[in-house]
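Chemist:
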Amino acid sequence: MQATSHAARTADLCLVGGGLVGLAVGLGLQRNGLKVTILDEGDIALRASRGNFGLVWVQGKGDTLPDYATVTRLSARLWPQLAQRLQDGTGIDIELQQRGGLYLSLSEQELSAREAMLLKMQHQAGGEYPFQRLDLKQVREFIPQAGPEVTGATWCPEDGHLNPLRLLRALTELFLRQGGQIRNSGRVSRITPLTTGFRLATPEGDWHCDKVVLSAGLGNRDLAPQVGLSAPLVPNRGQVLITERVQPFLHYPTGHVRQTGESTVQIGDSKEDVGFDSGTTTEVMAQIAARATRMFPLLRDLRMVRAWGALRIMTPDGYPIYQASSQYPGAYLVTCHSGVTLGALHEGPIANWIATDTNTLPLEAFHARRFES
Ligand SMILES: Cc1cc2nc3c(=O)[nH]c(=O)nc-3n(C[C@H](O)[C@H](O)[C@H](O)COP(=O)(O)OP(=O)(O)OC[C@H]3O[C@@H](n4cnc5c(N)ncnc54)[C@H](O)[C@@H]3O)c2cc1C
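Residues 33 to 405 (this note's numbering) are what the sequence shown spells out, left to right.
What follows is the structure, encoded as structure tokens:
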């Protein structure tokens, strides 16, 4: 550790990365009375937060890690409260709807595999895991426009969706209104642990803070080792399509298709191992569209108006890392691949843990030591 040097810019706590994760944690830290500064790379950045599908999704999350199912469901329960706070504080309606969701299957085999997975999860949760297997007739009671190739679906009443761009805006606005500072002045290139606190090197000069939270998405990979943490993250691309507006027909989100508040239809999404390429390809867009039109034949007559690619932030097992540095107390890592779903968890219990060092969560399950062989 180096001795503390004079630093012109100071904060109680610096969050590195102002995407959905950093902003949600930031709001929760402000609620705990901390003066928070977010240091972000700026507009050139890779941002999963601008390219996601908007699901607040519960069913199937944590099939191989029951603690993940627990925190996912907790976050879903906390979402209405956070949505209300954002609405009250900014006037922005994030269009949260949690009336349940369907995961449609196009084969009996796929449907049976999902049912088996959810039955296992229900067993792990001591029976307290609501879901239902639906046949096509039952699916059409929810969505009359489901096509004849749909064999059925799994339904979970805890699933929902929201408008992710409005969410990003609402989080940013509330954070700023509450006195938070966001510096979009470029990459944090180096974090130096000091005798007390940390020094963060940025293009506008050094910042000094008592605590530092790494919420930099894929950028955590390089930053974590500087404060005694490890973030073995890889990008995974998802391509998403948007159609022109159409008469509302889809009143529940599905795993691959959802209708937005503006009545466009959002169709997703691929899972591609292509490194840091966030572009789109005709071949993958065609595959995504073909699957969606088999589910909902009415989509065949619609024009596509937009498409994009964005990079998921994946750990080797797909689960989050929530960890405090034991080598450099005051440094934390918060990273996950479902930052919409887990937003309320991050604003609530995760921020409380960082602010107070008291914990109500099964955090041991999310320590990066699980990746050590
Ligand atoms: C196609 C797709 C669909 C998705 N669908 C869903 C969904 O339906 N539901 C769901 O829950 N999740 C979904 N996700 C995941 C969700 O979008 C992400 O989990 C979430 O956006 C992650 O937010 P983040 O803040 O960690 O990362 P990011 O949004 O990537 O933000 C990280 C920020 O850190 C900054 N940064 C990085 N390095 C540095 C540095 N060195 N210095 C300063 N700043 C730095 C960047 O500028 C960036 O602004 C989806 C993702 C994709 C790609």
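Cβ atoms here follow ideal geometry from the backbone N, Cα and C, with glycine treated the same way.
1. Does the segment 321-330 touch the segment 356-369, meaning 3 or more C-beta pairs lie closer than 8 Å?
2. Quick check on the DSSP output: what are the complete alpha helix (DSSP H) runs of length 4 or more inside the segment 39-105, in order along the chain?
3. Use the C-beta contact count for A80: other C-beta atoms within 10 angstroms, 16 or more gives buried, fewer gives exposed.
4. So D242 packs on G362, CB below 8 Å; how close in whole Å?
5. I'd like to confirm the pairing. Which residues does DSSP put opposite D238 in its beta bridges?
6. CB of N391 to nearest heavy atom of ligand 1: below 7 Å?
7. Per DSSP, what are the beta-bridge partners of N268 in this structure?
8. For V244, which residues does DSSP report across the bridge?
9. Compute the distance between the beta-carbons of A248 and R82, then report whether it is under 8 Å.
10. Determine the burial state of L208: buried for a count of at least 16 other Cβ atoms within 10 Å of its Cβ, exposed for fewer.
11. Can you tell me whether DSSP reads R277 as helix, strand or coil?
12. If you drop the 5 nearest sequence neighbours on each side, which residues of the same chain put their C-beta closer than 6 Å to that of E236?
13. Helix or strand or just coil, what does DSSP make of R209?
14. Is it buried or exposed for Q34, if we count other Cβ within 10 angstroms and need 16 for buried?
15. Between the segment 185-193 and the segment 326-343, do three or more beta carbon pairs fall short of 8 Å?
16. Return the CA-CA distance between L282 and R290, expressed in angstroms with no decimal places.
17. What does DSSP give as the partner residue(s) for W187 in the beta ladder?
18. Relative to the alpha-carbon of P352, which residue among D238, T104, G86, R63 has its alpha-carbon at the smallest distance?
Modeler: Quick look at the numbers:
1. no
2. 52-63
3. Against the sequence shown, residue 80 aligns to sequence position 48. Buried, because 16 or more other Cβ atoms sit within 10 Å of the Cβ of A80.
4. By one-based count along the sequence shown, residue 242 stands at place 210. By one-based count along the sequence shown, residue 362 stands at place 330. So it is a contact: roughly 6 Å between Cβ atoms.
5. As a first step, residue 238 is located in the sequence shown; it is residue number 206 there, counting from the start. Answer by DSSP bridge pairing, in chain order: A233.
6. Taking the sequence shown and counting its residues from 1, the one referred to as residue 391 is at position 359. The answer is no for N391.
7. Residue numbering aside, residue 268 sits at position 236 when the sequence shown is read from its first letter. BP columns for N268 point to R344.
8. Taking the first residue of the sequence shown as 1, we reach residue 244 at position 212. In the DSSP output, where bridge partners are listed per residue, V244 has C46, A363.
9. Taking the first residue of the sequence shown as position 1, residue 248 is located at position 216. Taking the first residue of the sequence shown as position 1, residue 82 is located at position 50. The answer is no: Cβ separation not under 8 Å.
10. The count along the sequence shown starts at 1 and reaches residue 208 at position 176. So L208 counts as exposed.
11. As a working mapping, residue 277 is identified with position 245 in the sequence shown. Looking at R277 - three-state DSSP - the assignment turns out to be coil, as it is neither helix nor strand.
12. Stepping through the sequence shown from its first residue, residue 236 is reached at position 204. S217, listed in sequence order.
13. Mapped onto the sequence shown, residue 209 falls at position 177. Three-state result, R209: helix.
14. Taking the sequence shown and counting its residues from 1, the one referred to as residue 34 is at position 2. With a pLDDT of 47 at Q34, under the threshold of 50, the modelled position of that residue is not reliable, and the figure given next carries that caveat. Flag for Q34 reads exposed.
15. no
16. Against the sequence shown, residue 282 aligns to sequence position 250. Against the sequence shown, residue 290 aligns to sequence position 258. Roughly 7 Å separates the two Cα atoms.
17. Within the sequence shown, residue 187 is the residue found at index 155, counting from 1. BP columns for W187 point to L134, Q164.
18. The sequence position of residue 352 within the sequence shown is 320, counting from 1. With distances taken between Cα atoms, P352 lies closest to T104.
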